[in-house]
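Visitor:
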Amino acid sequence: MDQSYWSDPEVIKLSERFVCARLATYEDAAEGKFLKSLYRGRTGELENTVFVILAPDGKTRLSKSGRSPQMVFGGSVGWESSILALEMHAISQKYPAKSKISGLPPLPTCKDLRRSLNVASCDRQLLVVADRVPESVLNKLRMLAWKEPFRGRLAWGLTQSAKEAKQIGLPAKKPGISIVRPGEFGLTSNVISYIPESAFDQKIESDLATALQSSRISEKNYRRHVLKGRRLNKKWDTEIEVTDPMIPPR
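Under this note's numbering, the sequence shown has 205 at position 192, and the numbering climbs by one with no breaks.
(1) Spatial neighbours of R145 within its chain, please: C-beta separation below 6 Å, excluding the five flanking residues on both sides.
(2) Flag this pair as yes or no: are the beta carbons of E192 and L140 separated by less than 9 Å?
(3) Taking contact to mean 3 or more Cβ pairs, one atom from each stretch, closer than 8 Å, check whether the stretch 149-156 and the stretch 219-227 are in contact.
(4) Going by other Cβ atoms of all chains shown within 10 Å of its Cβ, with 16 needed for buried, is S134 buried or exposed?
(5) For I205, does the three-state DSSP call read helix, strand or coil?
(6) Give me the DSSP bridge partner(s) of S95.
(7) Could you give the residue range of the alpha helix (DSSP H) that holds G189?
(8) State the CB to CB distance for the pair L51 and S78, rounded to an integer number of angstroms; the pair is presumed to be in contact (CB under 8 Å).
(9) Can you tell which of R80, A68 and D214 has its C-alpha closest to the C-alpha of K107?
(10) CB-CB under 6 Å to F101, same chain, minus the five flanking residues each way: which ones, in chain order?
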């Protein structure tokens, strides 16, 4: 996650006028194919990051495509997010949203817990895992995920498998909600709060608020992070081949 863009308060506010899709690049073959149709680097292959703004039909491009908002819209150092906000505002004026929208969007999860944990680590966010809980609990989680102060500040994961929960370090004895701190390399987790289904209504909101207030996940320097991972033999297997020449071999 590029904190300089997507953590900017004005960009966050304007993003509510858009459907923001964060696709998986090398973690999903179908999404990777779609991204490659939008932008290819100098090698002609799919690169790790792609940015474009599309019209409501999902096909018409309202901006150029590139690796980042700065590549698409420009902007000198320190002003990138301001330029992005101005462009987003101009585009949103041409495509006003419907005045009334029914229902809530789904939980913003990845395709499995392994990826949810890794994304949370990359974004330096806590991960909230719904482990084998009923639809009624998921609906309440959706309400919390899209309201202040939780919106955009937590990562979310979902599983119906005790085995999958155990694979990322959760106790997985009984269904419930776990708030976890991702490990440095997104391969392990540390549970900081567990809420059984029976206590969900009483504890979930207060536990989420406490976790946000007390947790400070350290920043990462990309170069040092990669070097340390190599030294410790940390590995991550992607779904499709990594073809970005800027990413070192693993």
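Cβ atoms here follow ideal geometry from the backbone N, Cα and C, with glycine treated the same way.
Guide: Judging by the given coordinates:
(1) Along the sequence shown, read from residue 1 onward, the residue named residue 145 stands at position 132. The answer, listed in chain order, is Q173 and P188.
(2) Here residue 192 is taken as the residue at index 179 of the sequence shown, counted from 1. Here residue 140 is taken as the residue at index 127 of the sequence shown, counted from 1. For clarity, residue 192 is Ile in the given sequence; the question names Glu instead. Yes.
(3) no
(4) Along the sequence shown, read from residue 1 onward, the residue named residue 134 stands at position 121. It is buried - the Cβ of S134 has at least 16 other Cβ atoms within 10 Å.
(5) Residue mapping note: residue 205 aligns to position 192 of the sequence shown, counting from 1. It is a strand residue.
(6) The sequence position of residue 95 within the sequence shown is 82, counting from 1. According to DSSP, S95 bridges with nothing at all.
(7) Within the sequence shown, the letter at position 176 stands for residue 189. It is not in any alpha helix (DSSP H) - G189 instead sits in the beta strand (DSSP E) that spans G189 to P195.
(8) Numbered from 1 along the sequence shown, position 38 holds the residue referred to as residue 51. Numbered from 1 along the sequence shown, position 65 holds the residue referred to as residue 78. About 5 Å; that satisfies the 8 Å criterion.
(9) The count along the sequence shown starts at 1 and reaches residue 107 at position 94. Comparing Cα positions, the closest option is A68.
(10) Taking the sequence shown and counting its residues from 1, the one referred to as residue 101 is at position 88. Rather than Phe, the amino acid found at residue 101 in this sequence is Met. Within the same chain, M101 has close Cβ partners L27.
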